[in-house]
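Convert by adding 45 to the 1-based position in the sequence shown; the result is the number in the working numbering. Positions of the beta carbon are idealized from the N, C-alpha and C atoms, including for glycine. Here is the structure we will look at.
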Amino acid sequence: MACVVLLLVMTVAISGKRGADTMTQQNMVTSQRIAQISETARWAGLTETNVARLMASLVSTDPAIDALYKEQIPAGIAEMTRIRKTIEAMNLSAPSRDILAQIGEQGQAVLASSAKAQAARAAGDQAAVAKELVDTFLPAAARYSKSLQALADLQMQEMESVRVEFAEQREANLNFARGMVLLLVVLLIAGAYFLIKEIQKPLLDAIGVAEAIGGGDLTVQIDTSRGDEFGQMMRAITNMQQQLVRLVSDVRHGTDGLANVSEEIAAGNNDLSTRTEQTAANLEETASSMQELTSNVRQSADSAKQANQLAASAAQVAQRGGEVVGQVVSTMDEINASSRKISDIISVIDGIAFQTNILALNAAVEAARAGEQGRGFAVVASEVRSLAGRSADAAKEIKLLINTSVEKVEGGAALVSQAGDTMTEIVSSVQRVTDIMGEITAAASEQSDGIAQINAAIGQLDQMTQQNAALVEQSAAAASSMKDQSYRLAGVVATFKLDASAAAALPKASSPRPSLPRPAAPRKALAAPPKTLPKAAPVVTAKAAPRTAPAAKADEEWETF
Numbered sequence: 046m047a048c049v050v051l052l053l054v055m056t057v058a059i060s061g062k063r064g065a066d067t068m069t070q071q072n073m074v075t076s077q078r079i080a081q082i083s084e085t086a087r088w089a090g091l092t093e094t095n096v097a098r099l100m101a102s103l104v105s106t107d108p109a110i111d112a113l114y115k116e117q118i119p120a121g122i123a124e125m126t127r128i129r130k131t132i133e134a135m136n137l138s139a140p141s142r143d144i145l146a147q148i149g150e151q152g153q154a155v156l157a158s159s160a161k162a163q164a165a166r167a168a169g170d171q172a173a174v175a176k177e178l179v180d181t182f183l184p185a186a187a188r189y190s191k192s193l194q195a196l197a198d199l200q201m202q203e204m205e206s207v208r209v210e211f212a213e214q215r216e217a218n219l220n221f222a223r224g225m226v227l228l229l230v231v232l233l234i235a236g237a238y239f240l241i242k243e244i245q246k247p248l249l250d251a252i253g254v255a256e257a258i259g260g261g262d263l264t265v266q267i268d269t270s271r272g273d274e275f276g277q278m279m280r281a282i283t284n285m286q287q288q289l290v291r292l293v294s295d296v297r298h299g300t301d302g303l304a305n306v307s308e309e310i311a312a313g314n315n316d317l318s319t320r321t322e323q324t325a326a327n328l329e330e331t332a333s334s335m336q337e338l339t340s341n342v343r344q345s346a347d348s349a350k351q352a353n354q355l356a357a358s359a360a361q362v363a364q365r366g367g368e369v370v371g372q373v374v375s376t377m378d379e380i381n382a383s384s385r386k387i388s389d390i391i392s393v394i395d396g397i398a399f400q401t402n403i404l405a406l407n408a409a410v411e412a413a414r415a416g417e418q419g420r421g422f423a424v425v426a427s428e429v430r431s432l433a434g435r436s437a438d439a440a441k442e443i444k445l446l447i448n449t450s451v452e453k454v455e456g457g458a459a460l461v462s463q464a465g466d467t468m469t470e471i472v473s474s475v476q477r478v479t480d481i482m483g484e485i486t487a488a489a490s491e492q493s494d495g496i497a498q499i500n501a502a503i504g505q506l507d508q509m510t511q512q513n514a515a516l517v518e519q520s521a522a523a524a525s526s527m528k529d530q531s532y533r534l535a536g537v538v539a540t541f542k543l544d545a546s547a548a549a550a551l552p553k554a555s556s557p558r559p560s561l562p563r564p565a566a567p568r569k570a571l572a573a574p575p576k577t578l579p580k581a582a583p584v585v586t587a588k589a590a591p592r593t594a595p596a597a598k599a600d601e602e603w604e605t606f
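This is the structure:
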């Protein structure tokens, strides 16, 4: 088989090498032919251009034309010579070299005819120039161009011949490769047939062993006596069988332990879910109580605000009353001062009446001394004395009344002063009460805000507790699902058939305990609940019943958790 593959690789390599060599040679020859054709075409173009320039310079008598073509014609001839030498240096065929020699001879004839025409033109014989051009130059130039065209046609034919030759060579290479590949395929098919016959029996044995192991029978006997690759495969399958026996044993042991652990986790999650739901219910009741307390504190804060406003109003009224009492005290002081002034004026009037009485008495004495002449004056003095006496009596009465009024005004002023002091004390007391009510209002407002924050925190705690309860229920469901999956895994592993020694080493599987549904703990609805996030819906699943023996220990452990 390896020889066939080696021959196939060698055939492909040889065919590829021949094809690559053919392609390289074709590219090289083609590039040379293209260069020859390109140079020949350029040579023909320069020939036509120089012939036209020579004819123009020979026919024309204009010095400007002579000056124009004086350098171009020799340059064109030199370029044509260079192209001819380049083509001669190439790898040419014999016909191409013959045509190239013929072109050289014809070129000499063209140059000789051109020299004769130029000599005739220099002599001024235009008729000789025209005759030379028509009879010799133009036919020679035509033969020269025709030979160049023949060379180009021959080069094209040779290029086509080369292309056909290389195409035939490529086809031959392909036919050789096809034949070799066909031969190798036949050899490969024959070798594969005998190889299949050789490996079919041990392969069928390996398939039987693999099917038995795949069916769960790990007690199948495997023949490992062969020394070839199939023997290695059988020994590898034997190793795999032993590893599977150990793996299945470990998995059975692990599934039994996993079933027990999952039952304990399910029971613990069941208890934890019950306590979490009870905690959630207690938090809901606490949140409801905190809301009621918040409402009461808010009402107290509102009442304290109203009382503060009333106290402030009372303080303003008392302050205005104190100001009025102060004005009354000031007015009473002014009245007292006026009464004193009136008393002083009455005293002056009393003194004037007393002096008038004395003057009237003196006038009466003087009238008595005067006798009859002073009788009328005595009567007037008597009347003046009488008026002075009445004025003195009236002044005494007025003074007495004024003194009485002054005493009463002084008493009233003292009372009003005491009332002003009392109003000042009342204003100070009301102001202190107002300050205290303001402090009470601020404290009540702070308490209301604090209780509102506590209420919000309790609401969030209630929400998190309910979410935790939902997570615990989900965890319990996951534990129950894990328990079921462990039982199913144990059933799947039980499909593997082990020998007696491996089966005896396994521990006895514990019987699954029944699962009973657990009723959800009742919850108390919140009265006027605060704004909270939407609560996660509890997952109601069937829970495993706790075992009776270690119940107290499990409760203590979960309470500690």
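Delimiting residues of the alpha helix (DSSP H) encompassing residue i
i           : result
residue 135 : Element bounds for residue 135: n/a, residue is neither H nor E.
residue 177 : 171–177
residue 251 : 183–259
residue 384 : 274–415
residue 143 : 139–167
Chain-order list of residues whose beta-carbon lies under 8 Å from that of residue i (same chain, five-residue window excluded)
i           : result
residue 517 : 314, 317, 318 and 321
residue 145 : 129, 132, 133, 137 and 196
residue 448 : 388
residue 282 : 251, 254, 255, 258 and 267
residue 244 : 275
residue 193 : 85, 88, 89, 92 and 148
Contacts around residue i, its chain only, beta-carbon distance under 6 Å, and the 5 residues preceding and following it disregarded
i           : result
residue 191 : none
residue 348 : none
residue 564 : The predicted position of residue 564 is uncertain, since its pLDDT is 42 and thus under 50; a value taken from the coordinates is nonetheless stated next. Nothing meets the Cβ criterion.
Residue i CB to nearest heavy atom of the ligand HEM below 7 Å
i           : result
residue 355 : Annotation note on the ligand HEM: not contained in the displayed structure, which lists no ligands.
Classification of residue i by the beta-carbon crowding that lies within 10 angstroms, buried from 16 upward
i           : result
residue 481 : exposed
residue 444 : buried
residue 238 : exposed
residue 442 : exposed
residue 460 : exposed
residue 470 : exposed
residue 454 : buried
residue 126 : exposed
residue 151 : buried
residue 334 : exposed
residue 148 : buried
residue 528 : buried
residue 465 : buried
residue 377 : buried
residue 430 : buried
residue 507 : buried
residue 370 : buried
residue 392 : exposed
Chain-order list of residues whose beta-carbon lies under 7 Å from that of residue i (same chain, five-residue window excluded)
i           : result
residue 492 : 342
residue 310 : 524
residue 513 : 321
residue 153 : none
residue 510 : 321, 324, 325 and 328
residue 359 : 475
residue 375 : none
residue 534 : 300
Would you call the stretch 348–360 in contact with the stretch 477–493, where contact means no fewer than 3 C-beta pairs closer than 8 Å? Cβ pair count under 8 Å is three or more, so yes.
Any contact between the stretch 399–417 and the stretch 431–448? By contact I mean 3 or more CB pairs, one from each, below 8 Å. In short, these stretches touch, since the Cβ pair count reaches three.
Using 8 Å as the cut-off, can you tell me whether the stretch 269–283 makes contact with the stretch 294–304, which would need three or more C-beta pairs spanning the two stretches below that distance? Two segments are said to touch when three or more pairs of C-beta atoms, one from each, lie closer than 8 Å; by this definition the stretch 269–283 does not touch the stretch 294–304.
Please confirm if the stretch 275–288 is in contact with the stretch 499–516, defined as three or more CB-CB distances below 8 Å between the two stretches. As far as the Cβ criterion goes, the stretch 275–288 does not touch the stretch 499–516, which means the pair count is below three.
Inter-stretch contact at 8 Å, needing at least 3 Cβ pairs: the stretch 200–207 / the stretch 92–102: Cβ pair count under 8 Å is below three, so no.
Counting Cβ pairs closer than 8 Å, one from the stretch 166–173 and one from the stretch 210–226, do we hit at least three? Segments in contact, no.
Would you mind listing the beta strand (DSSP E) stretches within the stretch 430–477 that are 3+ residues and don't spill past its ends, in chain order? The stretch 430–477 contains no whole beta strand (DSSP E) run of 3 or more residues.
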